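K.L.:
One structure follows; several queries about it will come next.
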Amino acid sequence: MTITCTIAMTRNWIARSVASSIMGAVIGTACIAQSPSEKASVQLFGMVQVSPARITVNWTAYTGASSYAIYRKLHTATSWGSLFATVAPPATSYADNTAAINTLYEYKVVRTAADGTGYGYLCAGIEVPATEYLGKIVLLVDNALTSSLTSELQQLQNDLKADGWAVIRHDVATGTAVTAVRNLVIADYNADPTNVKAVYIVGHVPVPYSGDVAPDGHTAQHKGAWPCDGYYAEVTGTWTDNMVNNTTGWLNNQNVPGDGKFDQSDFPNTVELQVGRVDMHDLPAFTSTEAQLLSTYLTKAHNFKIKNFTPTTRGIIWDHLADSPLPEAASSWMSMPTLVGPANITAIPFTGTTWLEDLVNNQSYLWTYGSGGGLVGNDNGTLMFYYTDRIAQTSVLAAGSAWGGVFNMTISSYIGDWDNRNNVMRAVLASGKALTNVFCGNPHWWFHPMGMDKSIGYCTRLTMNNRGASTIYLPQSGGDDNPATTVALGLMGDPSLRQIMVAPPTNLAVTSSGGNAAFSWSAATGSPAGYHIYSFDANGVPSRVNASLITGTTFTSTQAYAAGAQYMVRATKVETTNSGSYWNLSLGALATAPTVSTVLASPLMMLAGPYDTNTGLMSDGLRSAGLIPLTEPYTAGGFSQLAGGGGETVAQAVLNTSGSNAIVDWVRVELRSSGAPATVVATRQGLLQRDGNVVATDGTSPLTFNVSPGNYYLAVRHRNHLGAMTAGVIALSTTTTTVNFQATTLPIYGTNALTTIGAVRLLWSGNALRDTILKYTGTSNDRDPILTRIGGTIPTNTVSGYFPEDVNMDGVVKYTGNSNDRDPVLVNIGATIPTGSRLEQLP
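If you read the sequence shown in my numbering, its first letter stands for residue 2, the second for the next number, and so on.
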């Protein structure tokens with residue numbers, strides 16, 4: 002039990018223009034056995050086991066407790082439902098043996114005692130899977146800083162991408178109306194409301210103001226409009242500027258119709274997006290410039306994310322408002338135990354005289370909380386909210402005190418109105434290891450989901466929406482307003498930050514292995530359980546490449562290698578915290594597949610349809626009739642293309658060539674993975690000459706494939722013939738390799754994949770209905786399309802053109818008579834049994 006007593010301020014400070022005020026509360030003189038904040042809180046922490054699956058909810062003992070009511074819900078549920086269990090003292094735990102592995106829960110524990118009701122909340126689960134794609138984050142950047150922070154902003158974007166965010170960036174000019182800035186966010190949200198999840202503000206992007214509020218209790222001078230970054234996060238409600246008419250307070254807070262400050266004291270609708278801001282504007286107490294302070298912040302945030310520094314898992318609470326009758330510090334007593342464990346919290350007695358900024362100076366803490374009286378400074382007419390008694394002073398921080406707490410909560414008079422000179426909340430971010438800070442208590446904040454890998458931006462949105470009919474966390478307020486207004490809630494810091502990071506792997510390299518994307522990397526420190534590899538689509542959205550956990554540092558995928566494709570590899574491990582256990586992902590090591598050297602191939606093949614046994618050549622009837630298209634037909638026919646294949650075109654001059662090198666038709670050639678012959682890794686459409694040579698679109702060159710030299714299966718396809726593939730891999734290089742499908746000596750995949758006429762092998766003709774089987778009768782046969790093509794009723798009709806039903810490829814579709822296109826189908830399935838069929842021999 003913490004014993005605290007009131008004391009007077011002892012630290013000297015500069016001449017003050019406004020006297021100290023302690024949140025409107027009266028300071029008593031008697032010692033306090035336990036603060037109202039502790040009484041209002043149940044300090045929870047979790048323990049989990051996998052087999053048998055169990056989540057144990059624990060709490061610290063409380064003298065005078067009569068019962069504990071326990072509620073459980075799925076984390077995504079919006080209400081607690083009925084009572085889950087009841088526990089009587091002196092028990093200090095409850096074992097939930099019905100919890101399922103891989104499921105995220107929340108527990109509420111309500112303590113009944115003679116001196117009041119206490120509440121505690123725990124987010125818990127057993128080996129909960131990681132969220133691999135976090136959604137899209139709108140990055141709003143003050144364009145006055147873009148030139149001086151080029152590398153830092155690029156690093157930020159890379160870090161967000163490597164953490165599973167797709168980034169949408171807008172550089173915002175100084176003086177832009179806040180409505181125009183919000184419209185940028187609204188446009189992004191409306192374009193993809195399912196995936197746009199967060200807004201990250203860097204620099205002094207125009208600050209919205211809203212409300213007629215006084216979260217610090219100073220209704221005489223400080224009531225009115227406060228900074229409201231939630232305006233950029235609530236994107237579907239209506240914000241007005243025609244009702245509030247308050248001219249009694251300080252100028253920045255005055256709010257009158259038409260002044261650009263909004264009327265709403267609560268968000269007009271559910272807040273859709275997470276939001277946070279890093280703003281070092283107007284901190285002249287520091288010798289560093291705004292850009293330099295931002296650079297320092299972005300660098301330390303990067304270092305935290307890649308685990309270049311790891312804060313000690315402990316918290317410190319200095320509640321210098323502990324003698325207030327209000328539970329201002331309940332946020333710390335409810336959230337911090339679930340995040341660091343009750344045994345790892347230092348509570349400074351109310352009689353303490355050492356300032357929090359000294360206690361955490363170069364000392365590592367994951368979480369801090371500080372509350373005390375606030376002062377107002379006056380810099381030639383400009384108000385400065387620069388001081389919280391016994392907690393922090395901007396001048397001390399600027400002089401070199403290194404704030405060692407990473408995630409921070411604070412409350413005092415004035416400082417939550419953060420858009421002013423030398424504001425101490427923002428000054429904390431400019432110091433030491435601090436990465437976030439919030440004005441916390443009126444209303445309370447809810448950070449317990451961070452114990453299960455949720456971001457602080459996620460908790461910001463959760464807090465903003467804990468109001469009205471949606472109030473599921475109590476007590477909602479620790480201040481004079483109850484329920485508290487919400488528009489002044491704001492996160493100072495990077496909203497994407499998670500509480501615990503995993504060291505990432507490094508040096509990801511992407512190569513081609515048999516036409517497939519292959520990966521290698523340097524192992525992460527910290528002994529992760531393994532790795533996952535992700536590819537990015539054109540919108541920066543990641544998707545997993547591997548199906549199961551990779552335990553080594555190399556991996557060959559079944560995805561085709563594609564130069565320019567972007568990938569990342571992330572380390573992962575099961576993280577066990579004071580809340581539960583979950584799969585934690587590191588940032589990803591990013592890499593782009595480089596452009597690879599090409600390989601050359603020169604297939605030789607014959608098509609049975611136009612083959613002439615008298616000449617040993619194929620007919621060029623399509624070319625003679627001027628029917629061969631100038632653009633390859635396979636893409637339009639539904640064939641997928643890879644590694645730069647598709648869209649090949651030929652000049653008419655090439656089609657004018659006659660003789661044995663005359664063009665018969667377009668053909669398709671595929672390279673397939675050496676490890677998975679069903680996987681196509683590269684395609685090219687070439688031109689087939691009468692003598693069987695397949696050439697590039699210039700009419701003479703071999704085919705070029707954009708893959709690295711290596712071993713590949715090679716398949717040849719035609720739009721109305723069955724395709725064929727080599728039985729084994731072929732070594733391809735930058736030197737032309739001839740692959741002769743005509744020769745009976747080339748091993749071919751499958752059984753009877755080719756027909757043989759004399760000593761020449763040819764692709765089976767007759768696939769008038771483009772599929773993988775020749776059929777003369779029955780459903781999806783190849784005979785009926787021929788009849789349909791000529792009109793469907795008069796079998797002696799003919800039609801000229803470039804059609805797949807033209808089986809013999811003479812430019813005329815015929816159903817009956819000499820050289821018709823129906824008979825080859827019957828012949829090629831066996832000629833004697835019309836119900837037979839022939840399957841294409843491709844994997």
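All residues carry an ideal CB built from backbone N, CA and C; glycine is no exception.
A quick note: this is a predicted structure, and the numbers were derived from the prediction, not measured.
Can we say the stretch 86-97 touches the stretch 64-77, given the rule of at least three CB pairs closer than 8 Å?
P.N.:
yes
K.L.:
Taking the C-alpha atoms as reference points, what is the distance between Asp193 and Gly136?
P.N.:
Position 192 of the sequence shown, counted from the start, is the residue given in the question as residue 193. Position 135 of the sequence shown, counted from the start, is the residue given in the question as residue 136. Approximately 10 Å between the Cα atoms of the pair.
K.L.:
The alpha helix (DSSP H) spanning Trp334 covers which residue range?
P.N.:
Here residue 334 corresponds to residue number 333 of the sequence shown, with the count starting at 1. Its alpha helix (DSSP H) spans residues 331-341.
K.L.:
On the DSSP letters alone, give me the boundaries of the beta strand (DSSP E) that Glu576 sits inside.
P.N.:
What you label residue 576 is simply residue 575 of the sequence shown in a count that begins at 1. Per DSSP, Glu576 belongs to the beta strand (DSSP E) from 567-577.
K.L.:
Could you pull out every unbroken alpha helix (DSSP H) segment of at least 4 residues lying fully inside the stretch 366-450, listed in chain order?
P.N.:
395-399, 425-430
K.L.:
Leaving out the 5 sequence neighbours to the left and right, which residues in its chain are closer than 8 Å to Thr93 when beta-carbon positions are compared?
P.N.:
Walking along the sequence shown from the start, residue 93 turns up at place 92. So the list reads Asn59, Trp60, Thr61, Ala62, once near-sequence residues are dropped.
K.L.:
In or out: Thr797 buried (at least 16 other Cβ within 10 Å) or exposed?
P.N.:
Start at 1 with the first residue of the sequence shown, and residue 797 comes out as number 796. Looking at its Cβ environment, which holds fewer than 16 other Cβ atoms inside 10 Å, Thr797 is exposed.
K.L.:
Any beta-carbon of chain B closer than 8 Å to the one on Lys109?
P.N.:
Checking the listed chains, one finds no chain B in this structure; it contains a single protein chain.
K.L.:
Is it buried or exposed, Val361, if we count other Cβ atoms within 10 angstroms and call 16 or more buried?
P.N.:
Against the sequence shown, residue 361 aligns to sequence position 360. Per the 10 Å Cβ criterion, buried.
K.L.:
His303 by DSSP, collapsed to three states: which one?
P.N.:
Looking up residue 303 in the sequence shown gives position 302. DSSP places His303 in helix when its eight states are reduced to three.
K.L.:
Let me confirm a value: Thr739 is counted as buried when at least 16 other C-beta atoms fall within 10 Å, else exposed. Which label applies?
P.N.:
Here the question's residue 739 lines up with position 738 in the sequence shown. Exposed, because fewer than 16 other Cβ atoms sit within 10 Å of the Cβ of Thr739.
K.L.:
Measure how close the beta-carbons of Tyr363 and Ala403 come, nearest whole angstrom, since I'm counting them as under 8 Å.
P.N.:
For the purposes of this step, residue 363 is taken as the residue at position 362 of the sequence shown. For the purposes of this step, residue 403 is taken as the residue at position 402 of the sequence shown. With the sequence shown as reference, residue 363 is identified as Asn, and Tyr is not the correct amino acid for it. That belief holds up - the Cβ atoms of Asn363 and Ala403 are roughly 5 Å apart, short of 8 Å.
K.L.:
Leaving out five residues on either side along the sequence, give the residues of the same chain with a beta carbon under 6 Å from the beta carbon of Met502.
P.N.:
Walking along the sequence shown from the start, residue 502 turns up at place 501. Closer than 6 Å at the Cβ level, and outside the excluded window around Met502, lie Lys306, Lys308.
K.L.:
Under the DSSP definition of a beta bridge, which residues are partnered with Thr593?
P.N.:
To locate residue 593, count along the sequence shown from 1; it is residue 592. The partner list for Thr593 (beta bridge, DSSP) reads Gln567.
K.L.:
With a 10 Å radius around its C-beta and 16 neighbouring C-beta atoms as the bar for buried, classify Phe351 as buried or exposed.
P.N.:
Residue numbering aside, residue 351 sits at position 350 when the sequence shown is read from its first letter. By the neighbour-count rule (16 or more Cβ atoms within 10 Å), Phe351 is buried.
K.L.:
Measure the C-alpha to C-alpha separation of Gln50 and Ala101 and round it to an integer number of angstroms.
P.N.:
Against the sequence shown, residue 50 aligns to sequence position 49. Against the sequence shown, residue 101 aligns to sequence position 100. Approximately 11 Å between the Cα atoms of the pair.
K.L.:
To test your reading of the DSSP string, which unbroken alpha helix (DSSP H) runs of 4 or more residues are found completely within the stretch 67-134?
P.N.:
For secondary structure counted as the alpha helix (DSSP H) over 4 or more consecutive residues, the stretch 67-134 holds no complete run.
K.L.:
State yes or no: is the C-beta of Thr555 within less than 8 Å of the C-beta of Ala524?
P.N.:
Mapped onto the sequence shown, residue 555 falls at position 554. Mapped onto the sequence shown, residue 524 falls at position 523. Cβ distance not < 8 Å, so Thr555 and Ala524 don't count as in contact.
K.L.:
If you draw a straight line from the C-alpha of Thr354 to the C-alpha of Trp368, how long is it?
P.N.:
By one-based count along the sequence shown, residue 354 stands at place 353. By one-based count along the sequence shown, residue 368 stands at place 367. Computed Cα separation, rounded: 20 Å.
K.L.:
Cα separation between Gln155 and Ala592?
P.N.:
Here residue 155 refers to the residue found at position 154 of the sequence shown. Here residue 592 refers to the residue found at position 591 of the sequence shown. Near 15 Å, if we compare the C-alpha coordinates of Ala592 and Gln155.
K.L.:
Fully enclosed by the stretch 500-540, which alpha helix (DSSP H) runs are 4 residues long or longer?
P.N.:
none
K.L.:
Quick check: what's the CA-CA separation for Gly238 versus Ser781?
P.N.:
Position 237 of the sequence shown, counting from 1, holds the residue named residue 238. Position 780 of the sequence shown, counting from 1, holds the residue named residue 781. Distance between the alpha carbons of Gly238 and Ser781: 55 Å.
K.L.:
By alpha-carbon positions, which one of Gly610, Tyr777, Thr389, Gly516 ends up nearest to Leu845?
P.N.:
Here the chain comprises residues numbered 2 to 844, so residue 845 is not present and cannot be evaluated.
K.L.:
Asp666 to Arg784, Cα distance in whole Å?
P.N.:
Position 665 of the sequence shown, counting from 1, holds the residue named residue 666. Position 783 of the sequence shown, counting from 1, holds the residue named residue 784. For Asp666 and Arg784, the distance between alpha carbons rounds to 22 Å.
K.L.:
Bridge partners for Gly687 per DSSP, in chain order?
P.N.:
In the sequence shown, the residue the question calls residue 687 occupies position 686. DSSP lists Val668 as partners of Gly687.
K.L.:
Report yes if the CB atom of Gln35 is closer than 8 Å to the CB atom of Gly121, and no otherwise.
P.N.:
Position 34 of the sequence shown, counting from 1, holds the residue named residue 35. Position 120 of the sequence shown, counting from 1, holds the residue named residue 121. For Gln35 and Gly121, no; Cβs fall outside 8 Å.
K.L.:
What runs of the alpha helix (DSSP H), each 4 residues or longer, lie entirely inside the stretch 600-669?
P.N.:
622-625, 653-656
K.L.:
Tell me whether Asn467 sits in a helix, a strand or coil according to DSSP, three-state version.
P.N.:
Looking up residue 467 in the sequence shown gives position 466. Looking at Asn467 - three-state DSSP - the assignment turns out to be coil, as it is neither helix nor strand.
K.L.:
Where does Tyr777 sit, in a helix, a strand or coil, going by DSSP?
P.N.:
Along the sequence shown, read from residue 1 onward, the residue named residue 777 stands at position 776. Coil.
K.L.:
Run through DSSP, which three-state label would Ala769 get?
P.N.:
As a first step, residue 769 must be located in the sequence shown, where it is residue number 768. Correct three-state label for Ala769: coil.
K.L.:
Just to confirm my understanding: we take Thr735, look at its own chain, exclude 5 residues before and 5 after, and list those with CB closer than 8 Å. What are they?
P.N.:
Numbered from its first residue, the sequence shown carries residue 735 at position 734. The residues are Ser598, Thr599, Val600, Leu601, Pro710.
K.L.:
Within 10 angstroms of its Cβ, does Ser52 collect 16 or more other Cβ (buried), or is it exposed?
P.N.:
Looking up residue 52 in the sequence shown gives position 51. Exposed is the call here.
K.L.:
Do you know how far the Cα of Asn196 is from the Cα of Ala485?
P.N.:
Taking the sequence shown and counting its residues from 1, the one referred to as residue 485 is at position 484. Taking the sequence shown and counting its residues from 1, the one referred to as residue 196 is at position 195. Asn196 has its alpha-carbon roughly 30 Å from the corresponding atom of Ala485.
K.L.:
Going by C-alpha to C-alpha distance, which of Asp283, Asp230, Asn247, Thr313 sits closest to Gln500?
P.N.:
Position 499 of the sequence shown holds residue 500. Comparing Cα positions, the closest option is Thr313.
K.L.:
Buried or exposed: Pro209, going by 16 or more other Cβ atoms within 10 Å of its Cβ?
P.N.:
Mapped onto the sequence shown, residue 209 falls at position 208. Label assigned to Pro209: buried.
K.L.:
Evaluate Asp260 with the Cβ neighbour count: other Cβ atoms within 10 Å of its Cβ, from every protein chain shown; 16 or more gives buried, anything less gives exposed.
P.N.:
Residue 260 sits at position 259 when you count from the first residue of the sequence shown. By the neighbour-count rule (16 or more Cβ atoms within 10 Å), Asp260 is not buried but exposed.
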